[in-house]
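In UniProt numbering, the protein residues as written are 1 to 222. Note that beta-carbon positions come from the ideal geometry of N, C-alpha and C, so glycine has one too. Just so it is clear, the structure is predicted and the values come from calculations on it, not from any experiment. As structure tokens, the structure follows; a few thoughts come after it.
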């Protein structure tokens, strides 16, 4: 399978020059659950997060304040729209369990909590042509996974030849990961320190083979 190129639109970069993407392409056999991942989360990561969240405001966590500022620069209300990493932190702080979806999506959520970056994973077979991160146009929308219709005006989003399919807030169902997925594109959305993104990309490259069964992994920084 030919892998898509990725780029960031000039207008978006003009609004927030610190925008960057970390990308991982890999082959996979998706499973309903990875027990090793959930053991790691419950025994190690969740207690560590609980201690941190008891002492720090969400805006003091890596990447959250910068993402909110970026959303303001894009013309969005960060009080209404939050990057998925902030939504996950809120869920953990409230004592709620993470959703269990499948091995790839679950690994995404754990990596997001570890790194502070929002992650999205997409089925390469459902992507048409190259991918660009751009701002949503007026009138654009899609059905968010579990969220109903999401207006995309001024939202940073991933788009291909057929239009928008993902964002750091919520993805659509068009390119979502299922047990039929064989090739994945995982994206880390960055609106802050590129050095931190590089470290997070390395962490993801180490964790995805272990927790999601990733094979023949290729990384890119955009």
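Cβ neighbours of residue i in the same chain (closer than 8 Å, five flanking residues each side left out)
| i | result |
| --- | --- |
| residue 74 | 12, 15, 16, 135, 154, 155 and 156 |
| residue 36 | 210 and 211 |
| residue 203 | 111, 114 and 115 |
| residue 38 | 100 and 106 |
| residue 158 | 120, 122, 131, 132, 133, 164, 165, 166, 167 and 187 |
Cut-off 7 Å between Cβ atoms - residues of its own chain near residue i, not counting five sequence neighbours on either side
| i | result |
| --- | --- |
| residue 222 | 6, 7, 8, 20, 21 and 23 |
| residue 205 | 24, 217 and 219 |
| residue 151 | 141 |
| residue 143 | 149, 172 and 173 |
| residue 200 | 22, 115, 117 and 188 |
| residue 100 | 33 and 106 |
| residue 112 | 84, 85, 88, 118 and 119 |
| residue 207 | 107 and 111 |
Residue j beta carbon less than 7 Å from that of residue i
| i | j | result |
| --- | --- | --- |
| residue 121 | residue 102 | no |
| residue 209 | residue 189 | no |
| residue 191 | residue 70 | yes |
| residue 215 | residue 27 | yes |
| residue 85 | residue 116 | yes |
| residue 179 | residue 30 | yes |
| residue 139 | residue 160 | no |
| residue 306 | residue 177 | Any answer about residue 306 is impossible in this case: the structure gives the chain only from 1 up to 222. |
Which residues DSSP lists as bridging residue i, in chain order
| i | result |
| --- | --- |
| residue 156 | 135 |
| residue 143 | 149 |
| residue 8 | 133 |
| residue 24 | 186 and 219 |
| residue 123 | 184 |
| residue 166 | 158 |
| residue 172 | 144 |
| residue 118 | 189 |
With 16 other Cβ atoms within 10 Å as the buried cut-off, status of residue i
| i | result |
| --- | --- |
| residue 32 | exposed |
| residue 1 | exposed |
| residue 95 | exposed |
| residue 146 | exposed |
| residue 182 | exposed |
| residue 77 | exposed |
| residue 63 | buried |
| residue 44 | exposed |
| residue 186 | buried |
| residue 80 | exposed |
| residue 67 | buried |
Spatially closest choice to residue i from the options, by CA coordinates
| i | options | result |
| --- | --- | --- |
| residue 34 | 217, 78, 150 and 212 | 212 |
| residue 97 | 88, 80 and 104 | 88 |
| residue 4 | 124, 177 and 137 | 124 |
| residue 110 | 194, 42 and 184 | 42 |
| residue 18 | 68, 193 and 203 | 193 |
| residue 137 | 163, 119 and 127 | 163 |
| residue 91 | 80, 67 and 50 | 50 |
Cβ neighbours of residue i in the same chain (closer than 6 Å, five flanking residues each side left out)
| i | result |
| --- | --- |
| residue 65 | 59 |
| residue 53 | 93 |
Cutoff 7 Å: residue i Cβ touching any chain D Cβ
| i | result |
| --- | --- |
| residue 22 | Checking the listed chains, one finds no chain D in this structure; it contains a single protein chain. |
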